[in-house]
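Novice: Chains as they are written, first to last, in this note's numbering: chain A, 1 to 114; chain B, 1 to 699.
Ideal Cβ placement from N, Cα and C applies to all residues, glycine included.
1) Excluding the five sequence neighbours on either side, which residues of its own chain have a C-beta within less than 8 Å of the C-beta of residue 418 (chain B), listed in chain order?
2) Taking CB distances under 9 Å as the criterion, tell me whether residue 65 (chain A) reaches chain B.
3) Out of B:237, B:109 and B:146, which one is the CA nearest neighbour of residue 22 (chain A)?
4) Does any residue of chain A bring its CB to less than 9 Å from the CB of residue 606 (chain B)?
5) Here's the rule: buried if 16 or more other CB atoms are within 10 angstroms of the residue's CB, otherwise exposed. What is residue 92 (chain B)?
6) Hey, is residue 58 (chain B)'s beta-carbon within less than 9 Å of any beta-carbon in chain D?
7) Assuming residue 111 (chain B) is part of the beta strand (DSSP E), what are its boundary residues?
8) Between residue 129 (chain B) and residue 111 (chain B), what straight-line distance do the alpha-carbon atoms span, to the nearest angstrom?
9) Name the DSSP beta bridge partners of residue 401 (chain B), please?
10) Cutting at 8 Å between CB atoms, please list the residues of its own chain near residue 53 (chain B), excluding the five before and the five after it.
11) Residue 250 (chain B) CB to nearest chain A CB: under 9 Å?
12) Tell me whether residue 345 (chain B) sits in a helix, a strand or coil according to DSSP, three-state version.
13) Quick one: which unbroken beta strand (DSSP E) runs of 3-plus residues sit fully inside the region 398 to 453 of chain B? Chain order, please.
14) When the Cα atoms are used, what is the spatial distance from residue 661 (chain B) to residue 32 (chain A)?
15) Determine which residues of the region 417 to 436 of chain B have a Cβ less than 7 Å from any Cβ of chain A, and write them out in chain order.
16) Between the C-alpha atoms of residue 216 (chain B) and residue 224 (chain B), what's the straight-line distance to the nearest angstrom?
17) For residue 218 (chain B), would you say it is in contact with chain A, using Cβ-to-Cβ distances shorter than 9 Å as the test?
18) Would residue 368 (chain B) count as contacting chain A if we go by Cβ distances under 9 Å?
19) Measuring only between beta-carbons, confirm whether residue 624 (chain B) sits less than 9 Å from chain A.
20) May I have the straight-line CA-CA distance separating residue 389 (chain B) from residue 500 (chain B), to the nearest angstrom?
21) Quick check on residue 331 (chain B): does DSSP put it in helix, strand or coil?
22) Which residues of chain A have a Cβ atom closer than 8 Å to the Cβ of residue 470 (chain B), listed in chain order?
23) Using a Cβ-Cβ cut-off of less than 7 Å, list which residues of the region 9 to 43 of chain A approach chain B; keep chain order.
24) Spatial neighbours of residue 422 (chain B) within its chain, please: CB distance less than 8 Å, with the 5 preceding and 5 following residues excluded, ordered by chain position.
25) In chain A, which residues lie less than 8 Å from residue 461 (chain B) when you measure between Cβ atoms?
26) Starting from the beta carbon of residue 473 (chain B), find every residue of chain A whose beta carbon is closer than 7 Å, and list them in chain order.
27) Can you tell me which of B:311, B:483 and B:506 puts its alpha carbon nearest to the alpha carbon of residue 165 (chain B)?
28) Quick check on the DSSP output: what are the complete alpha helix (DSSP H) runs of length 4 or more inside the region 44 to 97 of chain A, in order along the chain?
29) Check each residue of the region 68 to 90 of chain B: if its Cβ is closer than 8 Å to any Cβ of chain A, include it; give the result in chain order.
30) Who are the neighbours of residue 443 (chain B) on chain A, taking C-beta pairs under 7 Å?
31) Can you name the start and end residues of the beta strand (DSSP E) that residue 58 (chain B) belongs to?
32) At what residue ranges does the region 448 to 536 of chain B contain a whole run of the alpha helix (DSSP H), taking only runs of 4 or more?
33) So, is residue 6 (chain B) buried or exposed, given that buried needs 16 or more other C-beta atoms within 10 angstroms?
34) Throw me the rounded Cβ distance for the residue 362 (chain B) and residue 289 (chain B) pair, which I believe falls under 8 Å.
35) Quick check: residue 447 (chain B) and residue 604 (chain B), are their CB atoms within less than 9 Å of each other?
36) Out of B:247, B:433 and B:230, state which residue places its alpha-carbon closest to the alpha-carbon of residue 656 (chain B).
What follows is the structure in structure tokens.
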């Protein structure tokens with residue numbers, strides 16, 4: 001491949017479907033990262049090495065460190081997922097492989113397509 | 001449906017399990033038959049291995065959810081919750097973002113690229129995306145390597161689960177013990193295991209072979225529904241009954257609580273982990289009848305205290321039978337009286353004779369929590385626990401050890417706080433580095449599983465993907481956090497199950513339903529773990545056979561193979577792979593659970609970076625992606641090899657306390673990037689095909 005080919009790759013006009021998919025993937029990765037940044041430090045700070053476990057704070061019967069560290073973020077993650085799926089993700093044409101619910105292209109004795 | 005009602009009403013929980021199991025198997029075979037009819041009139045390979053890329057919301061969402069929820073979710077996970085308490089909430093915490101990560105990161109692009117290239121399998125995509133036969137073959141080799149080990153392990157896991165479920169049924173033990181000797185001699189695991197392996201293995205092989213992808217998907221849907229219904233029934237029953245148990249045994253604790261679940265948590269805060277060790281068992285009456293010469297697994301012995309010393313309560317971990325002529329079961333070979341037979345499957349007298357030189361330690365657990373002791377005694381009085389050896393045997397030479405973390409006064413409350421109690425690890429169950437690793441593992445490693453990627457290639461359109469992500473998110477919310485609550489309640493309701501934690505799921509199902517006089521319902525609840533492992537096995541089976549038929553035979557050996565030939569080979573390979581795994585599972589190698597962990601994290605280390613680069617980075621090329629795949633494989637394997645060479649068996653060497661998947665993925669992404677930018681860019685026509693609109697020109 002020549003330098004001009006390399007330059008050509010940089011100058012191609014990308015499919016908006018691909019660009020949307022890439023942007024969505026980056027946002028989802030960030031969502032995972034934020035979830036980790038909240039859940040692990042919060043649980044570690046409030047839930048590890050509790051001085052007097054018999055007086056451990058609870059919320060709805062669950063240890064509070066777990067409810068606020070995991071339970072509540074879980075509901076927030078579900079809310080984010082709902083917004084992401086129904087208001088943010090873009091629909092688009094996936095294309096056709098030619099084998100979707102189509103009759104077989106090759107019967108016995110004939111050649112099959114790959 | 002009156003016959004069903006009366007049948008179920010008449011059944012006790014044991015036969016209910018059997019009835020549920022038989023109904024379940026019949027439905028599975030019906031689905032396979034219906035799926036096979038779908039194969040007619042369609043492109044065979046696409047339909048058999050990918051369901052003609054036409055999965056709708058429910059099928060797509062539940063097949064992905066059920067495949068991800070292996071037997072571990074319903075057997076291993078509950079046993080971990082029971083053993084380590086509330087900290088399992090953090091351990092499983094990243095499941096809050098697993099659906100959106102696993103389906104959302106790769107979903108749209110992998111489906112689009114699979115259609116653009118006409119790919120049916122993951123190696124297909126990699127091969128076509130870079131027009132590299134070598135890449136396709138490397139990917140196939142890694143899938144077959146990892147999946148074959150995993151399949152053997154899953155077959156064993158499925159058989160163990162079935163054995164646990166069917167064990168209470170007398171007819172099952174009778175059939176197993178009636179198997180001919182030459183046949184049971186084929187397996188080192190005993191006749192009950194062999195019987196379960198055959199039933200489980202043949203059922204999965206037949207319905208997967210006959211029905212293909214659609215059979216797998218629709219059984220997954222049924223299995224997914226069974227799982228969530230089981231959890232939803234158990235949740236309120238568990239909270240209510242555990243709260244009542246605290247009220248009965250520790251009213252002062254219950255009085256301080258404002259809800260049943262809070263009294264469960266407050267009770268757990270005072271719990272002390274049990275001790276484990278060995279002891280010598282001696283018959284009180286040396287001339288006792290044969291039925292008293294047996295120590296069933298899970299049986300209890302109370303040793304009364306002397307003077308100011310309180311009594312002690314012990315549980316027998318494994319079943320033993322005293323050898324003929326012996327009146328003692330000892331932990332060491334002392335004077336020839338120490339011969340013992342390990343009872344196999346509760347069959348007295350059929351144990352292995354150890355010739356007095358190679359004596360097994362009779363393993364015991366001591367319950368040290370005073371409230372647990374009171375509750376066990378109460379359960380024995382109420383006959384909820386039936387095996388009581390108090391007065392039949394005496395104990396001497398007792399040697400028991402505390403948990404490495406959780407038993408010391410300074411570590412009390414370990415069941416309600418991190419890092420959770422642990423028998424061997426002084427850092428506890430979930431130190432910070434492992435908490436980070438697991439957050440990484442479930443979401444990111446799950447995204448890199450080829451079995452999930454195949455499903456992402458099968459949904460029919462983008463609205464289906466969006467709705468499915470939402471559906472799986474709700475589905476996991478309804479399953480995983482409630483499971484933590486249910487099996488924390490189990491700690492309070494059924495004390496002393498640390499000796500056999502894998503039985504806690506069926507035991508809890510039976511306990512909850514019998515307490516409300518509906519023992520028949522246990523069958524439905526117990527079907528959940530069986531469904532979970534079946535849905536994982538069938539997917540793996542199809543992945544290996546598709547790799548062999550499509551990626552090796554059709555694409556490399558005989559591209560002009562006829563439809564009939566491919567059909568015959570698909571059936572043949574699916575069956576042969578299944579039978580091969582079944583034979584391997586007859587005498588499974590050691591470290592099977594470790595192999596499952598190794599293969600899951602290994603596949604992610606190999607595939608995630610390569611697939612992400614190939615789907616999202618136009619500059620990526622075959623050299624970079626192959627390097628990403630092989631370096632991930634190498635880094636991950638190296639950590640296991642270093643661990644092995646350091647004498648820790650199958651426990652990998654840990655860098656900064658992290659799981660090897662974290663290191664494998666970091667190395668894979670880094671090496672892939674460096675090799676890509678230092679080699680030639682990909683051909684423009686490939687970039688144009690996979691990243692640009694059709695007929696696009698340069699700007």
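Specialist: A quick look at the data gives this:
1) Residues of the same chain with a CB within less than 8 Å of the CB of residue 418 (chain B), apart from the 5 flanking positions on each side, are 87, 90, 428, 430 and 435 in chain order.
2) So yes, residue 65 (chain A) belongs to the interface.
3) Closest option to residue 22 (chain A), Cα to Cα, is B:109.
4) Contacts with chain A at 9 Å (Cβ-Cβ) do not include residue 606 (chain B).
5) Under this definition residue 92 (chain B) is a buried residue.
6) Here chain D cannot be found, since the structure's protein chains are A and B.
7) Premise fails: residue 111 (chain B) lies in the alpha helix (DSSP H), 107 to 117, not in any beta strand (DSSP E).
8) Using only the alpha carbons, I get a separation of about 13 Å.
9) Answer is B:276, bridged to residue 401 (chain B).
10) 46, 111, 114, 115, 457, 458, 459 and 460.
11) No, no contact with chain A.
12) Only weak support is given to the placement of residue 345 (chain B): the predicted model assigns it a pLDDT of 37, under 50, and the value that follows is read from those uncertain coordinates. Coil.
13) The qualifying runs do not exist here; there are none.
14) Straight-line Cα distance between these residues: approximately 17 Å.
15) Those residues of the region 417 to 436 of chain B placed with their C-beta closer than 7 Å to a C-beta in chain A are 417, 418, 419, 432, 435 and 436, ordered along the chain.
16) Each residue's alpha carbon lies about 12 Å from the other.
17) No, residue 218 (chain B) does not count as interfacial toward chain A.
18) Answer no: the Cβ-Cβ gap between residue 368 (chain B) and chain A never drops below 9 Å.
19) Residue 624 (chain B) does not count as touching chain A.
20) When only Cα atoms are considered, residue 389 (chain B) and residue 500 (chain B) end up about 18 Å apart.
21) Here the model assigns residue 331 (chain B) a pLDDT of 48, short of 50, so the residue's position is not dependable, and the following value carries that caveat. In the structure shown, residue 331 (chain B) falls within a coil segment according to DSSP collapsed to helix, strand and coil.
22) Simply 81, 82, 85 and 86.
23) Listed by position along the chain: 9, 11, 12, 13, 14, 15, 17, 18, 21, 22, 24, 25, 28, 29, 31, 32, 35, 36, 39, 40 and 43.
24) Exclusion of the five residues before and after residue 422 (chain B) leaves 84, 403, 404, 405, 406, 428 and 429 as the residues of its chain whose Cβ lies within less than 8 Å of its Cβ.
25) 91 and 94, listed in chain order.
26) Ordered by position in chain A, the residues that pass the 7 Å Cβ test against residue 473 (chain B) are 78 and 81.
27) For residue 165 (chain B), the nearest C-alpha among the options comes from B:506.
28) Counting only runs of 4+ residues, the alpha helix (DSSP H) found wholly inside the region 44 to 97 of chain A occupies 72 to 83, in chain order.
29) For the region 68 to 90 of chain B, which is checked against every Cβ of chain A, the residues closer than 8 Å are 86, 87, 89 and 90.
30) Chain A residues near residue 443 (chain B): 32.
31) Run containing residue 58 (chain B): none in the beta strand (DSSP E); it sits in the alpha helix (DSSP H), 57 to 68.
32) Counting only runs that start and end inside the region 448 to 536 of chain B, the alpha helix (DSSP H) elements of at least 4 residues fall at 450 to 456, 462 to 493 and 504 to 515.
33) Note that residue 6 (chain B) scores a pLDDT of 40, beneath 50, so its modelled location is shaky and nothing firm can be said.
34) Not quite, the Cβ-Cβ distance comes to about 20 Å (not below 8 Å), so this is no contact.
35) Yes, they are a contact pair.
36) Ranking the options by Cα distance to residue 656 (chain B), first place goes to B:433.
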